[in-house]
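Protein chains in written order, with the numbering used here: chain P, 1081 to 1256; chain R, 54 to 148. A short worksheet on the structure shown next.
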C-alpha cells in the first residue's frame, strides 16, 4: 500500500475483514461495530508508527485482536458487579447468535461451534479463530499473536482437542 | 451419523465463513470520531509535580511564620498605628 495510505483506503481494504473477525470473536453485532470503529481510529492514530517489517494485513489483524481482548477484559471487570445476571445474559446471547457470514447449510453446526469456541481460553480461541480466517498462513498467525510458529501450532492443537472433547459431550444432545 | 463424523463436520463448519460487510454508515462514524477534537489530558506526573510544589511552598511559609512569628506578631496595635501615622505626610491631606 505504500506511504500514501490513508484511512479510507485502509477501511475499504480491511473493513470487512475487521468486522467479520470482531463478529467471530465477540458474537455481538453492536460490539463488533464498536470494535471496527476503534480499530480504524487506532490505526489512524498509529499509522505513522507502522513499520514496514510486517504487512498492513497482519498489523490490522493485531490491532483487531487487541481491541477485542481489551473489550472482553473491560466487560469482565463490569461483569463482577452483575455476575449472575450477566452470565445468564451472555450465555443467552451466544446461544442465539448466528454469525452472518455462516453459509446456510452450516448455520446450525457453525452456531454450535461458536458456542464452544467461546468457552476456550483466550489464546486458544484467538489461534483457532485466526486459523479459520481465509488466506491467513501459520506464519502470519504467529506474527499477529507475537508468538513462535511452534507455539501457535501447540495452541491450535490444544484448541482442537478441547473443542472435540466439548463437542463429544454435545453429541448426545444432538442425537435426541 | 457416527459421533466422529459429526464432530468433524462441526469442526469444519466455519471454514467457509463469508466476509461480512459492515453497515454502510460505519465509515462516516469513524470519520466523525477522527474529526473530534481529542480531549487533552494533563499527564498525572504534572499534576503530582504541581501539587508537591504547592505543598512545599505552604510548608516553607508555615516554617517561616513559626520562626519569625513571635517577633512580628508581638507588635501591638497601638505601635503599628503610630508607625503608620509617622509615615504619613501631612501635605497629602486634602483638608
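The beta carbon of each residue, even a glycine, is placed where N, CA and C say it ideally should be. In this text, all values refer to a predicted model and were calculated from it rather than measured experimentally.
Residue 1227 of chain P: first and last residue of the uninterrupted alpha helix (DSSP H) it sits in
Position 147 of the first chain, counted from the first residue, corresponds to residue 1227 of chain P. That residue, residue 1227 of chain P, is in no alpha helix (DSSP H); it is neither H nor E in DSSP.
Sorted by chain position, which residues of the same chain lie with C-beta nearer than 8 Å to residue 1238 of chain P's C-beta, five sequence neighbours on each side aside?
The count along the first chain starts at 1 and reaches residue 1238 of chain P at position 158. Excluding positions up to five away in sequence, the list reads 1204.
Are the stretch 59–68 of chain R and the stretch 1216–1232 of chain P touching by the rule of at least three beta carbon pairs closer than 8 Å?
no
Residue burial classification, residue 1091 of chain P (beta-carbon count within 10 angstroms, cutoff 16):
For the purposes of this step, residue 1091 of chain P is taken as residue 11 along the first chain, with counting starting at 1. Buried.
Our contact map puts residue 1207 of chain P next to residue 1225 of chain P with C-beta atoms below 8 Å; I'd like the distance itself, whole angstroms only.
Residue 1207 of chain P sits at position 127 when you count from the first residue of the first chain. Residue 1225 of chain P sits at position 145 when you count from the first residue of the first chain. With a Cβ gap of about 7 Å, residue 1207 of chain P and residue 1225 of chain P count as contacting.
Starting from residue 137 of chain R, follow the alpha helix (DSSP H) in both directions and report where the run begins and ends.
Here residue 137 of chain R corresponds to residue number 84 of the second chain, with the count starting at 1. Residues 130–140.
Should residue 96 of chain R be flagged as near chain P, meaning a C-beta pair shorter than 8 Å?
The residue you call residue 96 of chain R lines up with position 43 of the second chain. Judged by the 8 Å Cβ criterion, residue 96 of chain R is not in contact with chain P.
Measuring CA to CA, which of P:1235, P:1227 and P:1196 is closest to residue 1246 of chain P?
As a position in the first chain, residue 1246 of chain P is number 166, starting the count at 1. When each option's Cα is compared against that of residue 1246 of chain P, the closest is P:1196.
Hey, does residue 1193 of chain P have any beta-carbon neighbour from chain R nearer than 8 Å?
Position 113 of the first chain, counted from the first residue, corresponds to residue 1193 of chain P. Residue 1193 of chain P counts as touching chain R.
Measuring only the C-alpha atoms, how far is residue 112 of chain R from residue 100 of chain R?
As a working note, residue 112 of chain R is residue 59 in the second chain. As a working note, residue 100 of chain R is residue 47 in the second chain. Rounded to the nearest angstrom, the two C-alpha atoms are 18 Å apart.
Amino acids of chain R, ordered along the chain, whose beta-carbon sits closer than 7 Å to that of residue 1180 of chain P:
Locating residue 1180 of chain P in the first chain gives position 100, counting from the first residue. Within chain R, the residues near residue 1180 of chain P are 73.
Between residue 1212 of chain P and chain R, is any beta-carbon pair separated by less than 8 Å?
One-based indexing of the first chain puts residue 1212 of chain P at position 132. Yes, residue 1212 of chain P counts as interfacial toward chain R.
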